[in-house]
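Q: Residue numbers for the sequence shown follow this note's numbering, so the first one is 9 and each next one is one higher. Note that the Cβ used here is the ideal one computed from N, Cα and C, for glycine as well. Computed from a predicted model, the values in this text were never measured in an experiment. Mind having a look at this structure? Questions to follow.
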Amino acid sequence: MELVGGQPRRLASPEFKTLYLVRHAQGIHNVALEEKGGTDDIGDPHFSPKLLDAPLSPKGIKQVSEQQKEILKSGLINTVQLVITSPLRRAVETAVGIFRGQKVINQSDNFPPIVALELCRERMGLYPCDRRESISTRRICFPEIDFTMVESDEDALWREEERENLEEVSARGLRFLKWLWERPEKEIAVVSHGIFLQQTLRALHEKVSIPLEDSLLTRFANCELRSIRIDKSDMEVLTTYNCRKNAAPTSSSLHTLE
9 MELVGGQPRR
19 LASPEFKTLY
29 LVRHAQGIHN
39 VALEEKGGTD
49 DIGDPHFSPK
59 LLDAPLSPKG
69 IKQVSEQQKE
79 ILKSGLINTV
89 QLVITSPLRR
99 AVETAVGIFR
109 GQKVINQSDN
119 FPPIVALELC
129 RERMGLYPCD
139 RRESISTRRI
149 CFPEIDFTMV
159 ESDEDALWRE
169 EERENLEEVS
179 ARGLRFLKWL
189 WERPEKEIAV
199 VSHGIFLQQT
209 LRALHEKVSI
219 PLEDSLLTRF
229 ANCELRSIRI
239 DKSDMEVLTT
249 YNCRKNAAPT
259 SSSLHTLE
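In structure tokens:
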């Protein structure tokens, strides 16, 4: 697996594909945590009901605009064949802003479809900012998004009593990569969350033993884009690892995505 540098390119070989990984832009929950200092006491803004399915902050909206300019400048908008997004609002707003903004519509006749998928959402449980609104509401606000792969209208995966642990996130991330590999598209953008993206890459490196540069294993900044190439040999190793561990989905709702 390699970090892809330089200009994006369309892949001609079915033996590998390129993933463009994007963390959502700054959300209002990020601002609240920065102002509070990220404490874990009873005043932790993570638990504020006002942050339910947190949207982007004004700074986040600006970050999306800046990333969109880079996408257009690089020509990536014309090579990406599919965009997968977490269904949480901050990710959806980032995906739509980057790949469906007015400048994109004006400058490209070939923008990719955007599909929401529960499998790549943020670490679930406890915090209202990580609990999504209903899909019926989301469809009205974001008609550009295909929500047909989200099975439950209400958030059936979020747990009030406990937060999904990092091992569960890692396992989900590896299942997500397997799902991506089985897609027909060769260049795919993924708009997700910092913990999910980092844990997925770390699991590849530390659990599956696929070499990755140290720069790929650090926490993503808001609206940061990183590119990786996965090939057939990587997926063979991942498949062997999954068979050995006999990993099972954490939810029956996710099982159907495998």
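Considering only residues of the region 66 to 134, which uninterrupted beta strand (DSSP E) runs meet the minimum length of 3 residues and lie entirely inside it, listed in chain order?
A: Here the runs fully enclosed are 90 to 93 and 122 to 124.
Q: Can you name the start and end residues of the beta strand (DSSP E) that Lys25 belongs to?
A: Numbered from 1 along the sequence shown, position 17 holds the residue referred to as residue 25. Unbroken beta strand (DSSP E) run through Lys25: Phe24 to Arg31.
Q: With a CB to CB cut of under 6 Å and the five nearest residues on each side skipped, what residues in its chain are close to Tyr135?
A: Here residue 135 corresponds to residue number 127 of the sequence shown, with the count starting at 1. So the qualifying residues of the chain are His54.
Q: Is Leu90 near Ile238, with beta carbons less than 8 Å apart?
A: Your numbering for residue 90 matches position 82 in the sequence shown. Your numbering for residue 238 matches position 230 in the sequence shown. The answer is no: Cβ separation not under 8 Å.
Q: Identify, in the order they occur along the chain, each residue of the same chain with its Cβ nearer than 8 Å to the Cβ of Ala229, setting aside the five sequence neighbours on each side.
A: If you number the sequence shown from 1, residue 229 lands on position 221. Cβ within range, chain order: Arg31.
Q: Rounded to the nearest angstrom, how far is the Cβ of Val216 from that of Cys128, given a contact under 8 Å?
A: On the sequence shown, position 208 is the one that residue 216 refers to. On the sequence shown, position 120 is the one that residue 128 refers to. Between the beta-carbon of Val216 and that of Cys128 there is about 18 Å, and that puts the pair past the 8 Å contact cut.
Q: If we count the other Cβ atoms within 10 Å of its Cβ and call it buried at 16 or more, is Asn38 buried or exposed?
A: As a position in the sequence shown, residue 38 is number 30, starting the count at 1. Buried, since its Cβ has 16 or more Cβ neighbours within 10 Å.
Q: Let me know the secondary structure DSSP gives Ser200 once reduced to three states.
A: Residue mapping note: residue 200 aligns to position 192 of the sequence shown, counting from 1. Correct three-state label for Ser200: strand.
Q: Does the Cβ-Cβ distance between Val88 and Ile153 come in under 8 Å?
A: Numbered from its first residue, the sequence shown carries residue 88 at position 80. Numbered from its first residue, the sequence shown carries residue 153 at position 145. No; because the gap between Cβ atoms is not below 8 Å, this pair is not in contact.
Q: Taking the C-alpha atoms as reference points, what is the distance between Arg147 and Phe155?
A: Residue numbering aside, residue 147 sits at position 139 when the sequence shown is read from its first letter. Residue numbering aside, residue 155 sits at position 147 when the sequence shown is read from its first letter. Taking C-alpha positions only, Arg147 is separated from Phe155 by approximately 7 Å.
Q: Could you spell out where the alpha helix (DSSP H) holding Leu182 opens and where it closes?
A: In the sequence shown, the residue the question calls residue 182 occupies position 174. Counting along the chain, the alpha helix (DSSP H) containing Leu182 begins and ends at Leu174 to Trp189.
Q: Helix, strand or coil for Glu195, going by three-state DSSP, please let me know.
A: Residue 195 sits at position 187 when you count from the first residue of the sequence shown. Of the three classes helix, strand and coil, the one that applies to Glu195 here is strand, per DSSP.
Q: CA-CA distance, Asp49 and Ala33?
A: The residue you call residue 49 lines up with position 41 of the sequence shown. The residue you call residue 33 lines up with position 25 of the sequence shown. Residue placement at Asp49 is poorly supported in this model, since its pLDDT is 45, which falls under 50; the coordinates still yield a value, given next. One C-alpha to the other measures close to 26 Å.
Q: Assuming Arg227 is part of the alpha helix (DSSP H), what are its boundary residues?
A: Stepping through the sequence shown from its first residue, residue 227 is reached at position 219. First-last for Arg227: undefined, no H or E at that position.
Q: For Leu65, is the classification buried or exposed, using 16 other Cβ atoms within 10 angstroms of its Cβ as the cut-off for buried?
A: Taking the first residue of the sequence shown as position 1, residue 65 is located at position 57. With the sequence shown as reference, residue 65 is identified as Ser, and Leu is not the correct amino acid for it. When all chains shown are included, Ser65 counts as buried.
Q: Using C-beta distances below 7 Å, list every residue in its chain close to Leu59, excluding the 5 sequence neighbours before and after it, in chain order.
A: Sequence index remark: in the sequence shown, residue 59 carries index 51 (1-based). Correct list, in chain order: Ile36, His37, Ala40, Pro53, Pro136 and Cys137.
Q: Could you tell me which residues DSSP pairs with Leu233 in its beta bridges?
A: Taking the first residue of the sequence shown as 1, we reach residue 233 at position 225. Per DSSP, Val30.
Q: Have a look at Glu214, Lys240 and Gln206 and flag the residue whose alpha-carbon is nearest the alpha-carbon of Arg234.
A: Counting from one through the sequence shown, the residue named residue 234 turns up at place 226. Measuring from the Cα of Arg234, the nearest candidate turns out to be Gln206.
Q: Taking 8 Å as the cut-off, decide whether the C-beta atoms of Ala211 and Leu182 are in contact.
A: Position 203 of the sequence shown, counted from the first residue, corresponds to residue 211. Position 174 of the sequence shown, counted from the first residue, corresponds to residue 182. Cβ distance < 8 Å, so Ala211 and Leu182 count as in contact.
Q: Closest to Ala179 by CA distance: which of Arg167, Ile203, Glu190 and Glu159 is it?
A: Here residue 179 is taken as the residue at index 171 of the sequence shown, counted from 1. Of the listed residues, the one whose Cα sits closest to Ala179 is Ile203.
Q: Quick check: the Cα distance between Glu244 and Pro57, rounded to an integer number of angstroms?
A: Within the sequence shown, numbered from 1, the residue matching residue 244 stands at position 236. Within the sequence shown, numbered from 1, the residue matching residue 57 stands at position 49. In a straight line, the C-alpha of Glu244 is about 43 Å away from that of Pro57.
Q: Going by the beta-carbon positions, is the gap between Arg131 and Glu172 smaller than 8 Å?
A: Sequence index remark: in the sequence shown, residue 131 carries index 123 (1-based). Sequence index remark: in the sequence shown, residue 172 carries index 164 (1-based). For Arg131 and Glu172, yes; Cβs fall inside 8 Å.
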